[in-house]
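In our numbering, the protein residues as written are 1388 to 1644.
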């Protein structure tokens, strides 16, 4: 019998352990539980090292710790998201989808929410399931996503399609605005997406702080926004990524920093 390896990721310990116990009663399911984003990533890495990869992650939509998980990229937003582009446990879905695309993720939610369900799908989730659904329903979803199926509650379908259509429209508009920037302004925007301040941008691009301020003002004006956070959110919608900071090596006082 081929066993399905499932990882329940929820920071409500009683719920996680109860769900894991219920799933473990199935003869073809091998289940573990993790109480945070970092714990889930450790479980995934350990599974790879042991040659026992997980097949499905059941991720709490309201997982509290994912915003600080190293290496987990923010989930794309349908329209705004929050200022950091992070949407609860859905950011973990995005990171897992990027790092381990063979793992299927299903979001467990307290309530139906078309906007957040659309976010989950954009992040790479294969399903959205109510936490109070029956065990048989959850098992159907788990087995279904392994067959490349996408599972959503019927009541959410219309709302999710509306959100995805709006997201496509917003992305097109955002891309058009970004295309209006000069190459230098786009470079400054990518620095802003990376979280660099004016001084850091000036040092990186070998410009004066005054020149960088002018470029930043031009970027905000052309994008039609009034703050750096709004510019970053728009840039992310348009698919603009941050500059690569990992490759930066600065020599100071004879030492590498």
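Cβ coordinates follow ideal geometry from the N, Cα and C atoms, glycine included.
Exercise for the section: Would you mind stating whether residue 1421 and residue 1427 have Cβ atoms separated by less than 8 Å? Expected result: Position 34 of the chain shown, counted from the start, is the residue given in the question as residue 1421. Position 40 of the chain shown, counted from the start, is the residue given in the question as residue 1427. Contact: yes.
Handout entry: Inter-stretch contact (C-beta, 8 Å, three-pair minimum) for the region 1581–1596 and the region 1522–1530
Key = No contact exists between the region 1581–1596 and the region 1522–1530.
Practice task
Report yes if the C-beta of residue 1442 is less than 7 Å from at least one heavy atom of the ligand NAD; otherwise report no.
Solution key: The ligand NAD is not part of the structure shown, which contains no ligands of any sort.
Exercise for the section: Starting from residue 1419, trace the beta strand (DSSP E) both ways and give me its first and last residue. Expected result: Working through the chain shown from its first residue, we reach residue 1419 at position 32. Run containing residue 1419: 1416–1421, per the beta strand (DSSP E) assignment.
Handout entry: Residues sharing a beta bridge with residue 1517, DSSP
Key = Along the chain shown, one-based indexing puts residue 1517 at 130. Paired residues: 1496.
Exercise for the section: Can you give me the Cβ contacts of residue 1582 inside the same chain, cut-off strictly under 6 Å, excluding the 5 residues immediately before and after it? Expected result: As a position in the chain shown, residue 1582 is number 195, starting the count at 1. So no residue of the chain qualifies.
Problem - Reduced DSSP category for residue 1390 - H, G, I as helix; E, B as strand; rest coil - result: Translated into the one-based positions of the chain shown, residue 1390 becomes position 3. The answer is coil: DSSP assigns residue 1390 none of H, G, I, E or B.
Problem - Pairwise C-alpha distance: residue 1402 and residue 1492 - result: As a position in the chain shown, residue 1492 is number 105, starting the count at 1. As a position in the chain shown, residue 1402 is number 15, starting the count at 1. Using only the alpha carbons, I get a separation of about 18 Å.
Practice task
Check residue 1602 in the structure and name its three-state DSSP category.
Solution key: In the chain shown, residue 1602 corresponds to position 215, counting from 1. In the structure shown, residue 1602 sits in a helix (DSSP, three-state: H, G or I).
Exercise for the section: Please confirm if the region 1487–1506 is in contact with the region 1439–1449, defined as three or more CB-CB distances below 8 Å between the two stretches. Expected result: yes
Exercise for the section: Flag this pair as yes or no: are the beta carbons of residue 1533 and residue 1443 separated by less than 8 Å? Expected result: On the chain shown, position 146 is the one that residue 1533 refers to. On the chain shown, position 56 is the one that residue 1443 refers to. The Cβ atoms of residue 1533 and residue 1443 sit closer than 8 Å to each other.
Exercise for the section: Give the C-beta separation of residue 1477 and residue 1503 to the nearest angstrom, bearing in mind that I take them to be a contact with Cβ-Cβ under 8 Å. Expected result: In the chain shown, the residue the question calls residue 1477 occupies position 90. In the chain shown, the residue the question calls residue 1503 occupies position 116. That belief holds up - the Cβ atoms of residue 1477 and residue 1503 are roughly 7 Å apart, short of 8 Å.
Practice task
Please say whether residue 1539 and residue 1514 have beta carbons closer to each other than 8 Å?
Solution key: For this step, residue 1514 is matched to residue 127 along the chain shown. For this step, residue 1539 is matched to residue 152 along the chain shown. Cβ atoms of residue 1514 and residue 1539: closer than 8 Å.
Handout entry: residue 1564 beta carbon less than 8 Å from that of residue 1608
Key = Sequence index remark: in the chain shown, residue 1608 carries index 221 (1-based). Sequence index remark: in the chain shown, residue 1564 carries index 177 (1-based). Going by C-beta atoms, residue 1608 is not nearer than 8 Å to residue 1564.
Practice task
Return the first residue and the last residue of the alpha helix (DSSP H) that residue 1508 is part of.
Solution key: The residue given as residue 1508 occupies position 121 in the chain shown. Its alpha helix (DSSP H) spans residues 1501–1510.
Handout entry: Nearest-angstrom Cα separation, counted from residue 1552 out to residue 1389
Key = If you number the chain shown from 1, residue 1389 lands on position 2. If you number the chain shown from 1, residue 1552 lands on position 165. One C-alpha to the other measures close to 39 Å.
Handout entry: 8 Å Cβ cutoff met for residue 1606 and residue 1568
Key = In the chain shown, the residue the question calls residue 1606 occupies position 219. In the chain shown, the residue the question calls residue 1568 occupies position 181. Their beta carbons are under 8 Å apart, which means residue 1606 touches residue 1568 by this criterion.
Exercise for the section: Determine the closest residue to residue 1520 out of 1409, 1580 and 1574, with distance taken between C-alpha atoms. Expected result: In the chain shown, counting from the first residue as 1, residue 1520 sits at position 133. Taking only the C-alpha atoms, the option nearest residue 1520 is 1409.
Exercise for the section: Report the partner residues of residue 1538 according to the DSSP bridge assignment. Expected result: If you number the chain shown from 1, residue 1538 lands on position 151. 1514.
Exercise for the section: Label residue 1415 either buried or exposed according to how many other C-beta atoms from any shown protein chain fall within 10 Å of its C-beta, with 16 as the threshold for buried. Expected result: As a first step, residue 1415 must be located in the chain shown, where it is residue number 28. When all chains shown are included, residue 1415 counts as exposed.
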